[in-house]
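Take a look at the structure set out below.
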């Protein structure tokens, strides 16, 4: 028994020693790798390609209110070739040799980035260098090109035999071209991130969630295995009507070309909802053509005479002015407090009532009325305007939209200029919003560009019209202001947008408009206000009896001669007529067009 126990002990001892030696050998190898061979293995590690790759989610679409595409992601492809694919290298590359001529010919005829001989040299050289990712196109190819290439005899064998494979990329396209392009916005082509307009404002919803794939060795081949599926982006449904957008943009473009203006913008707003049905921004390029460049519709400027209506609403609602009050005006400038000189664009020696003063757009009359009403209490004037809702922080879907700036003046001289639209700043969107409130019986609606978000055709979020102020003024003030805005268009003696011998301006025999013209001298840094360069505007609503739409047209620095009623007023008139015709409001009677409610 003692001999057997000794043998057992020795066997365990030997086993223990062997295990210990093995452990020491492994430990020694680890130390050796970490010290002596560390630099070599680090170089190998640097060459390794991460096995995890992102799966790009397809960006959602931007649609108009009728479901027409305004922006969409279309698939495009990069084409590569694994020149060391097993089937291409066996038997002395016999398969590749048999199909090389056909492949190079098709690549040239369908893609055309290289000649047939150049493609041949690239593929042969790539195989010699062991290139497993030889790029066969300089840029991306479209779906039709891919389908044509897939008919090639080699590519038809599949990516594992032919070595040819495609990688999806998505390119953002706008089917309507420049139509509302600035409002729709843009994305960063490589990262697919919204950088402007609605693309930026709703980037999270449009972008979706990228998935993850892993490159794994399966059956002797590198296979891409999906770990997490990509979640495609949602669609944004805008309030824009592509047909009305086309009408608005063409009308603005025609006028800008006629006047060789620096820029222009138009907004068409639905009265009762605040939905923006069209928004056009056009800048003159260095080549003389016009492009969607900046979103002037949401950038503030000195509004000029369109602000007179705001001034009158404030003063009349405060009980400072009655519609029948009279003001004397002269052809000579009116000098206020020996510091501020006020002149009229249409000078006359007469006495005007308040309604006529707005119709003829008298600077002198407005300056006199507002200074006499608020002299010593300018704060009250500004606070009244603030209570209307014009100075509130108004949410707008367009990134970078600026809020109105209507500061309390430090002196009464500044107040006299504010009365007719200087020393204040508002965006065309703010101006349109105010006049839309007048058209909407005093109810101020928030301008809206997006009505809903949908996923795979199902609405996931809906944005309802928002009321900012249920009543900007009293009913009596509203009726009197509406009457004055009627005269701007229809008083042939005084109205600045009425019928004149040389132009119909805003008057139409198809649709009745009411509104206001505005002209502001441009401020030239270091030189002051120019009496030869102006910003002209007309903002109005139609049909006047039961308004459906409000429209503003603003044009910067038009070529002389120019007139707000003649140029901007006629542009809004064209938009109004074509909008009503598109909406089916016209009926024919006695060979003449007549407007009727549907």
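Numbering (this note's numbering), first residue to last: 4 to 601. Positions of the beta carbon are idealized from the N, C-alpha and C atoms, including for glycine. None of the values given here were measured: they were computed from a predicted structure.
Anticipated Cβ contact below 8 Å, residue i with residue j, distance rounded
i, j, result
"residue 579", "residue 516", "6 Å"
"residue 277", "residue 450", "5 Å"
"residue 552", "residue 272", "7 Å"
"residue 486", "residue 310", "Rounded, the Cβ-Cβ distance is 19 Å, inconsistent with contact."
"residue 521", "residue 307", "4 Å"
"residue 554", "residue 568", "About 14 Å separates the two Cβ atoms, so there is no contact after all."
"residue 443", "residue 242", "Actually they are not in contact, since the Cβ atoms of residue 443 and residue 242 sit about 16 Å apart, beyond 8 Å."
"residue 539", "residue 561", "6 Å"
"residue 332", "residue 376", "Not really, about 17 Å apart at Cβ, beyond 8 Å."
"residue 314", "residue 497", "At roughly 18 Å, the Cβ-Cβ gap does not stay under 8 Å, so residue 314 and residue 497 are not in contact."
"residue 329", "residue 355", "7 Å"
Per-residue DSSP class, three states only, for residue i
i, result
"residue 458", "strand"
"residue 401", "coil"
"residue 252", "helix"
"residue 57", "strand"
"residue 181", "coil"
"residue 522", "strand"
"residue 310", "helix"
"residue 122", "helix"
"residue 570", "helix"
"residue 93", "helix"
"residue 543", "strand"
"residue 206", "helix"
"residue 355", "strand"
"residue 284", "strand"
"residue 472", "strand"
"residue 376", "helix"
"residue 223", "Its pLDDT being 49, under 50, residue 223 is placed unreliably in this model, and the value from its coordinates should be taken loosely. Correct three-state label for residue 223: coil."
"residue 260", "helix"
"residue 163", "helix"
"residue 409", "coil"
Own chain, CB closer than 8 Å to residue i, minus 5 neighbours either side, in chain order
i, result
"residue 382", "411"
"residue 117", "110, 111 and 125"
"residue 548", "515"
"residue 303", "405, 406, 407, 408, 428, 429, 430 and 433"
"residue 60", "210, 211, 212, 213, 214, 233, 234, 235 and 236"
Neighbourhood of residue i by C-beta distance below 7 Å, restricted to the same chain and skipping five residues each side
i, result
"residue 142", "none"
"residue 502", "495, 508 and 510"
"residue 156", "102 and 105"
"residue 421", "412 and 427"
"residue 246", "585"
"residue 184", "177 and 295"
"residue 72", "64, 66 and 178"
N-terminal and C-terminal residue of the alpha helix (DSSP H) that residue i is part of
i, result
"residue 484", "478 to 493"
"residue 432", "431 to 442"
"residue 530", "Premise fails: residue 530 is in no alpha helix (DSSP H) and is neither H nor E."
"residue 197", "No alpha helix (DSSP H) holds residue 197; the beta strand (DSSP E) holding it covers 197 to 199."
"residue 381", "381 to 391"
Cβ-based neighbour list, residue i, same chain, cut-off 6 Å, excluding 5 preceding and 5 following
i, result
"residue 312", "519"
"residue 392", "447, 471 and 472"
"residue 390", "none"
"residue 462", "455"
"residue 489", "517"
"residue 248", "182, 183 and 281"
"residue 145", "79"
C-alpha distance - residue i paired with residue j, whole-angstrom precision
i, j, result
"residue 215", "residue 230", "5 Å"
"residue 387", "residue 481", "15 Å"
"residue 63", "residue 196", "12 Å"
"residue 205", "residue 238", "10 Å"
"residue 222", "residue 403", "Caution applies to residue 222, whose pLDDT of 48 falls short of 50 and renders its modelled position unreliable; the value that the coordinates give is listed next. When rounded, the distance between both Cα atoms is 54 Å."
"residue 477", "residue 284", "35 Å"
"residue 113", "residue 151", "7 Å"
"residue 199", "residue 89", "47 Å"
"residue 316", "residue 374", "15 Å"
"residue 342", "residue 180", "51 Å"
"residue 457", "residue 191", "23 Å"
"residue 269", "residue 371", "32 Å"
"residue 439", "residue 81", "50 Å"
"residue 346", "residue 525", "16 Å"
First and last residue of the uninterrupted beta strand (DSSP E) at residue i
i, result
"residue 239", "238 to 241"
"residue 344", "343 to 345"
"residue 81", "72 to 84"
"residue 563", "It is not in any beta strand (DSSP E) - residue 563 carries neither H nor E in the DSSP assignment."
"residue 421", "Per DSSP, residue 421 belongs to no beta strand (DSSP E); it is in the alpha helix (DSSP H), 415 to 421."
"residue 271", "266 to 273"
"residue 278", "Taken as a continuous stretch (DSSP letters only), residue 278 belongs to no beta strand (DSSP E), as it is neither H nor E."
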